[in-house]
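Trainee: Residues in the sequence shown are numbered from 1 upward in steps of one, following this note's numbering. C-beta atoms are modelled at their ideal positions from N, C-alpha and C, and glycine is treated no differently. All figures in this text were calculated on a predicted structure; none of them were measured in a lab.
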Amino acid sequence: MERKSKMSETLSRRVGRLVSGGFHALIDAAENLAPEAVMNESIREIERAVDEVRAELGKVLAQKHLASKKMADESNRHEAIDANLQAAVAAGRDDLAEAGIAEQMDIEARLPVLENTIADCAAQEKELEGFIAALQAKKREMQQQLQEWRAAQQGADAGKAAGSSDINRIARDAEKSGNAFDRVMGRQNAIHSSTDAAQLAKLKELEDLSRNNRIAERLAALKANSKE
């Protein structure tokens with residue numbers, strides 16, 4: 001989750017600069033009758049941002065694939081241990097059965113973490129795809145506005161007035177887009193916890209005791225099933 005928070009914050013800053021800072025510069029440039037260069041640079045910035053998000057999406061997809069593969073391997077290992085446990089109990093090797101049960105419990109503890117990782121990656125995948133779609137839509141919008149501005153400049157005084165009106169409309173649209181991106185990408189999480197050393201030691205002892213009891217219970221259940 002921390003990785004996701006940092007990633008979203010970085011993208012938020014980058015997109016925020018594109019939809020706010022770039023257009024403020026555009027308005028200033030318009031006063032000097034040279035907004036076209038600023039418009040083109042803003043479009044190029046959006047293209048670079050899309051490439052950046054796509055690279056991040058590739059990393060997320062790779063992580064999701066690895067977590068899915070690991071989860072499948074762990075599940076297969078858990079099933080394979082079942083057969084070994086039956087053989088150990090039949091041979092009267094409680095020590096081997098206990099070791100197998102302990103390994104199964106470790107696998108069971110890891111599976112939920114892998115499931116959460118896969119779910120988190122899926123959420124990031126959807127969010128990043130949304131970022132790409134939004135940036136591409138913004139690029140198309142800016143390209144259309146640039147064409148409109150060029151057409152407006154072909155007129156004389158009326159054309160200049162139309163161009164000024166277009167710039168004001170672009171600024172308003174950019175402000176709306178910036179607010180939307182802030183709502184989507186401005187989420188943050190903070191988790192604070194503290195426990196003293198003595199309490200941690202007691203909790204560890206309790207966990208070990210509970211784990212040993214669960215191993216004994218599962219071994220007893222295996223023995224009972226083998227006698228039926």
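Which full runs of the alpha helix (DSSP H) of 4+ residues lie inside the stretch 126 to 157, going along the chain?
Mentor: Those alpha helix (DSSP H) runs which fall completely within the stretch 126 to 157 and span 4+ residues do not exist here.
Trainee: Give the DSSP-derived three-state secondary structure of Gly92 in the structure shown.
Mentor: Three-state result, Gly92: coil.
Trainee: Report, in whole angstroms, the separation of the C-beta atoms of Val60 and Leu114, which I expect to be a contact under 8 Å.
Mentor: Incorrect: roughly 15 Å between the Cβ atoms, too far for contact.
Trainee: Tell me the rounded alpha-carbon separation between Lys138 and Pro112.
Mentor: About 39 Å.
Trainee: Quick one: what's got a C-beta closer than 8 Å to Ala156's C-beta in the same chain, skipping five residues either side?
Mentor: Because Ala156 carries a pLDDT of 47, less than 50, the predicted location of this residue cannot be relied on, and the following value inherits that uncertainty. Answer for Ala156: no residue qualifies.
Trainee: Taking Cβ positions, are Lys223 and Val89 nearer each other than 7 Å?
Mentor: In this structure, Val89 lies closer than 7 Å to Lys223 by Cβ.
Trainee: Which residue's Cα is closest to the Cα of Ala216: Leu66, Asp106, Glu205 and Glu98?
Mentor: Nearest C-alpha to Ala216: Glu98.
Trainee: In the stretch 35 to 93, which residue ranges form an unbroken alpha helix (DSSP H) of at least 4 residues, counting only runs that do not cross its ends?
Mentor: The qualifying runs are 35 to 90.
Trainee: Would you grab the beta carbon distance between Ile132 and Lys64 for me? Rounded to a whole angstrom, and I think it's under 8 Å.
Mentor: Actually they are not in contact, since the Cβ atoms of Ile132 and Lys64 sit about 17 Å apart, beyond 8 Å.
Trainee: Any idea if Ser42 is buried or exposed, counting beta-carbon neighbours within 10 angstroms, 16 or more meaning buried?
Mentor: Counting Cβ neighbours within 10 Å, Ser42 comes out buried, since at least 16 surround it.
Trainee: Since Arg243 and Ala49 are thought to touch, with beta carbons under 8 Å apart, how far apart are those beta carbons, to the nearest angstrom?
Mentor: In this structure the chain extends from 1 to 228, so residue 243 is not present and cannot be described.
Trainee: Across the stretch 102 to 109 and the stretch 78 to 86, are there enough close Cβ pairs to call them in contact, namely three or more that are closer than 8 Å?
Mentor: Yes, they touch.
Trainee: From this set, Glu148, Ala55, Glu205 and Gly92, which residue's C-alpha is nearest Met236's C-alpha?
Mentor: Here the chain comprises residues numbered 1 to 228, so residue 236 is not present and cannot be evaluated.
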